[in-house]
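Heads up: the sequence shown begins at 0 in numbering that gives the first Met the number 0, then just goes up one per residue.
Accompanying notes for the structure given below.
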Amino acid sequence: MSRPTPRHRRSRTAFAFGLPLALAAGGALGYGFLAPGAQPRAAAATAVPAWATATADGFASVNALGQNGTYGGRGGEIVTVKTLADLEKYATAEKPYIIVVAAAITMDPVGKEIKVRSDKTIIGSGTSGQIVGGGFFLGPGVHNVIIRNLTIRDAYQGVWNDKEHDYDGIQMDGAHHVWIDHNDIRHMADGLIDSRKDTTYLTVSWNRLGQENKAFGIGWTKNTTADITIHHNWIRETEQRNPSTDNVAHAHLYNNYLQDEPGTAIRASYGNYARGRTNMLLENSYFEGLANPVIKDGTATLVQRGNVFSGTGGRNESGGTGAAWDPKRFYGYTLDKAADVPSVVTSGAGPRGSLGTTATARAAATTLTVAKDGSGQYTTVQAAVNAVPANNPSRVVIAVKPGTYRETVKVPANKPHVTIQGTGASRKDTLIVYNNAAGTRKPDGSGTYGTGGSATVAVEADDFQARNLSISNDFDEGAHQDIAQQAVALRTAADKVFLDGIIVSGDQDTLLLDTAAKDRLGRVYLTNSYVTGNVDFVFGRATAVLDKSVITLKKRWDGTSAGYVTAPSTAAGRKGFLIVNSSVTGSVSDRSFYLGRPWHAGGDATLDPQTTVRNTSLSAAIRTAPWTDMSGFSWKDDRFAEYRNTGAGAGAAGPDRPQLTDAQAADQEIADWLGDWKPTAS
Numbered sequence: 000m001s002r003p004t005p006r007h008r009r010s011r012t013a014f015a016f017g018l019p020l021a022l023a024a025g026g027a028l029g030y031g032f033l034a035p036g037a038q039p040r041a042a043a044a045t046a047v048p049a050w051a052t053a054t055a056d057g058f059a060s061v062n063a064l065g066q067n068g069t070y071g072g073r074g075g076e077i078v079t080v081k082t083l084a085d086l087e088k089y090a091t092a093e094k095p096y097i098i099v100v101a102a103a104i105t106m107d108p109v110g111k112e113i114k115v116r117s118d119k120t121i122i123g124s125g126t127s128g129q130i131v132g133g134g135f136f137l138g139p140g141v142h143n144v145i146i147r148n149l150t151i152r153d154a155y156q157g158v159w160n161d162k163e164h165d166y167d168g169i170q171m172d173g174a175h176h177v178w179i180d181h182n183d184i185r186h187m188a189d190g191l192i193d194s195r196k197d198t199t200y201l202t203v204s205w206n207r208l209g210q211e212n213k214a215f216g217i218g219w220t221k222n223t224t225a226d227i228t229i230h231h232n233w234i235r236e237t238e239q240r241n242p243s244t245d246n247v248a249h250a251h252l253y254n255n256y257l258q259d260e261p262g263t264a265i266r267a268s269y270g271n272y273a274r275g276r277t278n279m280l281l282e283n284s285y286f287e288g289l290a291n292p293v294i295k296d297g298t299a300t301l302v303q304r305g306n307v308f309s310g311t312g313g314r315n316e317s318g319g320t321g322a323a324w325d326p327k328r329f330y331g332y333t334l335d336k337a338a339d340v341p342s343v344v345t346s347g348a349g350p351r352g353s354l355g356t357t358a359t360a361r362a363a364a365t366t367l368t369v370a371k372d373g374s375g376q377y378t379t380v381q382a383a384v385n386a387v388p389a390n391n392p393s394r395v396v397i398a399v400k401p402g403t404y405r406e407t408v409k410v411p412a413n414k415p416h417v418t419i420q421g422t423g424a425s426r427k428d429t430l431i432v433y434n435n436a437a438g439t440r441k442p443d444g445s446g447t448y449g450t451g452g453s454a455t456v457a458v459e460a461d462d463f464q465a466r467n468l469s470i471s472n473d474f475d476e477g478a479h480q481d482i483a484q485q486a487v488a489l490r491t492a493a494d495k496v497f498l499d500g501i502i503v504s505g506d507q508d509t510l511l512l513d514t515a516a517k518d519r520l521g522r523v524y525l526t527n528s529y530v531t532g533n534v535d536f537v538f539g540r541a542t543a544v545l546d547k548s549v550i551t552l553k554k555r556w557d558g559t560s561a562g563y564v565t566a567p568s569t570a571a572g573r574k575g576f577l578i579v580n581s582s583v584t585g586s587v588s589d590r591s592f593y594l595g596r597p598w599h600a601g602g603d604a605t606l607d608p609q610t611t612v613r614n615t616s617l618s619a620a621i622r623t624a625p626w627t628d629m630s631g632f633s634w635k636d637d638r639f640a641e642y643r644n645t646g647a648g649a650g651a652a653g654p655d656r657p658q659l660t661d662a663q664a665a666d667q668e669i670a671d672w673l674g675d676w677k678p679t680a681s
């Protein structure tokens with residue numbers, strides 16, 4: 000059934016159309032909402048935060064049906080809830096409310112759906128607002144409702160295609176003017192979102208939908224009256240209704256990321272589906288790995304523009320007899336490039352640490368969570384790195400839950416300001432490990448990895464940090480004596496790399512501290528950490544400080560004791576390696592290890608390798624003449640020295656053991672290595 004165009008009038012309210020939520024610099028929500036136990040206050044009594052006055056984009060912004068856009072509980076009291084009783088009290092009240100959910104609230108009984116009334120904003124406090132075991136229901140005539148920044152999860156009853164339990168995350172029957180934005184909805188019993196029975200003027204944006212048979216169903220009506228905008232959602236680990244859009248007059252889908260995530264048992268049967276007499280415009284979305292990414296009924300109209308299909312197969316359809324339409328008749332919006340959608344959406348969708356109304360920090364979530372058991376946003380560290388958008392302007396913390404992650408990880412140069420942090424009680428609780436060696440052949444047959452390519456974790460982005468975790472290369476030298484043995488655990492080729500409270504372990508060439516190029520500065524500060532290896536296991540051309548750390552010497556694969564701690568490849572005029580306030584020890588034979596030797600990479604005679612070891616405890620494993628030559632280059636022609644070391648491996652000054660004078664040592668402090676950079680945990 001058609002209706003006249005004039006009922007659509009562009010709202011006169013200023014909206015940030017097509018823009019994601021901004022991330023406030025502080026990270027914590029600056030909501031100004033009530034402390035637990037305090038009495039509600041009128042929002043007008045104080046400066047109202049921007050998130051409380053935020054209004055929808057898309058069709059939810061259109062003036063129609065007596066409603067001027069969608070603004071939720073704006074103008075009502077701001078209340079904070081931590082219990083089911085309080086949430087239900089305010090969500091079902093007649094008056095407008097802005098309801099801040101500041102805890103994980105468990106539904107009782109399981110599957111309960113709170114019957115939300117009109118003029119409500121329900122918003123999570125940072126990432127702590129969670130609805131567990133149930134969701135929300137918006138019945139006929141309910142309007143002007145905003146649901147944002149929540150995690151709605153875990154009503155699943157153990158049956159994958161559940162016909163018995165209609166436990167949805169959000170169900171709407173005949174509602175209008177609803178904005179569902181920046182939520183994480185997963186693992187429910189029937190569907191994640193159901194928009195039914197002529198629900199209209201709906202915008203669904205920037206949500207993560209996953210771990211479910213049915214993601215997002217639209218329809219259950221013979222009428223063709225609904226207008227719906229669906230943009231910047233990440234739909235993955237779902238089998239059907241991604242969404243399934245039945246009898247929708249105007250369905251505008253753009254910049255969504257549909258992913259059939261590899262390594263899971265869940266396979267999507269189709270992607271976007273235009274059913275009945277739906278008239279769908281599908282723009283600049285990204286489909287990855289799906290069978291039948293875009294399908295339509297013979298009665299539907301579907302127009303595609305600018306979409307990307309990667310690894311898809313089966314039906315990919317468009318066409319129909321319906322009239323073409325332009326969303327800009329109804330509202331303004333801005334398209335992201337389809338190629339950018341995976342990084343933009345995976346980093347921007349879901350609950351935020353804080354909410355705003357500008358696009359300044361579209362770049363990334365404050366924290367991305369990795370967990371092997373699926374309880375985080377990602378199951379691999381690399382997937383989280385991939386979610387960081389190119390050229391992100393601010394810090395992104397990848398929080399890795401305890402477990403062993405057997406994978407290689409690369410942080411490319413265009414993703415600065417990344418922190419990878421273990422969340423366990425000990426740095427041993429979280430391990431990233433792999434076993435490539437220089438001589439390991441690549442799976443594609445293109446050759447071997449080489450030394451640098453063998454790294455378990457490779458960091459090429461400036462301002463990188465790692466803490467409270469272990470990084471290892473467990474290549475078995477004894478079992479592979481036929482190939483090159485170098486096997487790097489961690490490679491850095493960037494500036495301002497801060498490694499704090501980590502364990503780096505391997506055998507030959509464990510820790511490669513490099514620069515992006517010979518003429519580029521690459522500073523590294525490693526502190527409160529452990530480094531284990533045997534041959535040249537701290538090496539490269541970076542300007543690097545190893546401070547307050549333990550360097551553990553390890554026997555070779557055949558049980559012999561022989562090795563070298565450092566192999567600097569420093570450019571002339573630059574600082575090399577400084578080991579300070581540390582200890583060098585290990586269960587190896589006395590006088591069997593050198594402190595270092597000069598690595599003139601590629602035979603480059605212009606290099607001027609440097610290692611200084613000072614104020615450090617040396618075990619008896621260190622040779623009395625602790626420096627040696629390498630590949631025809633004499634250590635005496637380069638820069639190797641000690642200062643005030645202690646322990647059984649320390650020794651007096653002599654021709655084979657140069658010591659700095661006090662004056663020389665004054666110019667070889669940590670600050671001399673790091674310059675204007677003062678590493679700070681963030």
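Virtual Cβ for every residue (Gly too), placed ideally from N, Cα, C.
What does the Cβ neighbour count give for ALA680, buried or exposed, with the cut at 16 atoms within 10 Å?
ALA680 comes out exposed.
Nearest to GLU476 by alpha carbon, out of ALA486, ASN467, LEU468 and VAL380?
ALA486
Would you kindly work out how many angstroms separate the C-alpha atoms of ALA670 and ARG573, rounded to a whole number?
The alpha-carbon of ALA670 is positioned some 14 Å away from that of ARG573.
PRO326 and ASP183 - do their beta-carbons sit closer together than 9 Å?
Annotated as distal: ASP183 and PRO326, with beta-carbon spacing of 9 Å or more.
Could you give the residue range of the beta strand (DSSP E) that holds TRP50?
Run containing TRP50: none; DSSP gives neither H nor E here.
Mapping the DSSP letters down to three states, classify LEU281 as helix, strand or coil.
strand
Under the rule that 16 or more other beta-carbon atoms within 10 Å means buried, what is LYS111, buried or exposed?
LYS111 comes out buried.
What's the C-alpha gap between MET106 and LYS414?
40 Å
Have a look at GLY562, SER548, ASN246 and TYR593 and flag the residue whose alpha-carbon is nearest the alpha-carbon of ASN580.
SER548
With DSSP collapsed to three states, give me the class of TRP634.
helix
Starting from TRP626, follow its DSSP beta bridges and name the residues at the other end.
GLY595
According to DSSP, simplified to helix, strand and coil, what is GLU87?
In the displayed model, GLU87 falls within a helix according to three-state DSSP.
Determine the DSSP secondary structure at THR645, reduced to helix, strand or coil.
DSSP, reduced to helix, strand and coil, places THR645 within a strand of the structure shown.
How far does the alpha helix (DSSP H) with LEU673 in it reach, from first residue to last?
669 to 673
Tell me which same chain residues have a C-beta within less than 7 Å of the C-beta of ILE146, skipping the five on either side of it?
ILE121, PHE135, ILE169, ILE179 and ASN182
Just to confirm the assignment: which complete beta strand (DSSP E) runs, minimum length 3, are found wholly within the segment 374 to 451?
395 to 399, 402 to 405, 408 to 410, 417 to 421 and 429 to 433
Thinking just about the alpha-carbon of each residue, which of TYR155, ILE234, THR244 and ASP494 is nearest to the one in ASP197?
THR244
Mapping DSSP to helix, strand and coil, what is PHE329?
coil
If we call anything under 9 Å between Cβ atoms a contact, is ARG240 one with GLY209?
no
Given this structure, state the Cα-to-Cα distance separating SER60 from ASP546, to the nearest angstrom.
56 Å
Can you give the Cα-Cα distance for LEU511 and THR79, rounded to whole angstroms?
50 Å
Note down, in chain order, each residue of its chain lying with its Cβ closer than 7 Å to the Cβ of ASP473, except the 5 sequence neighbours on either side.
VAL432 and ASN434
Fully enclosed by the segment 508 to 540, which beta strand (DSSP E) runs are 3 residues long or longer?
Runs found: 510 to 513, 522 to 526, 529 to 532 and 534 to 539.
Can you give me the Cβ contacts of MET187 inside the same chain, cut-off strictly under 8 Å, excluding the 5 residues immediately before and after it?
GLY134, ILE151, ARG152, ASP153, ALA154, TYR155, TYR166, ASP167, GLY168 and GLU211
Is VAL158 buried or exposed, if buried means 16 or more other CB atoms sit within 10 Å of its CB?
Label assigned to VAL158: exposed.
Under 9 Å, do ASN278 and VAL344 count as touching if we go by C-beta distance?
no
What's the gap between the Cα of ASN232 and the Cα of TYR330?
19 Å
May I ask which residues mark the beginning and end of the beta strand (DSSP E) holding THR565?
562 to 567
Please work out which residues of its chain come closer than 7 Å, Cβ to Cβ, to PRO411, disregarding the five sequence neighbours upstream and downstream, and give them in chain order.
GLU459 and ALA460
Let me know if GLU668 comes out buried or exposed under the rule of 16 or more other beta-carbons within 10 Å of its beta-carbon.
exposed
Go ahead and label ALA649 buried or exposed: buried means 16 or more other beta carbons lie within 10 angstroms of its beta carbon, across all protein chains shown.
buried
Which word fits ALA248, buried or exposed, when buried means at least 16 other C-beta atoms lie within 10 angstroms of its C-beta?
buried
Starting from VAL177, follow the beta strand (DSSP E) in both directions and report where the run begins and ends.
175 to 180
Take ALA337 and list the residues in its own chain whose beta-carbon comes closer than 8 Å to its own, dropping the five residues that flank it on each side.
ASN254, ASN283, SER284, TYR285, GLY305, ASN306 and VAL307
With a threshold of 16 other CB atoms inside 10 Å of the CB of PRO292, please say whether the residue is buried or exposed.
buried
Mind checking who ASP172 pairs with in its DSSP beta bridge?
ARG195
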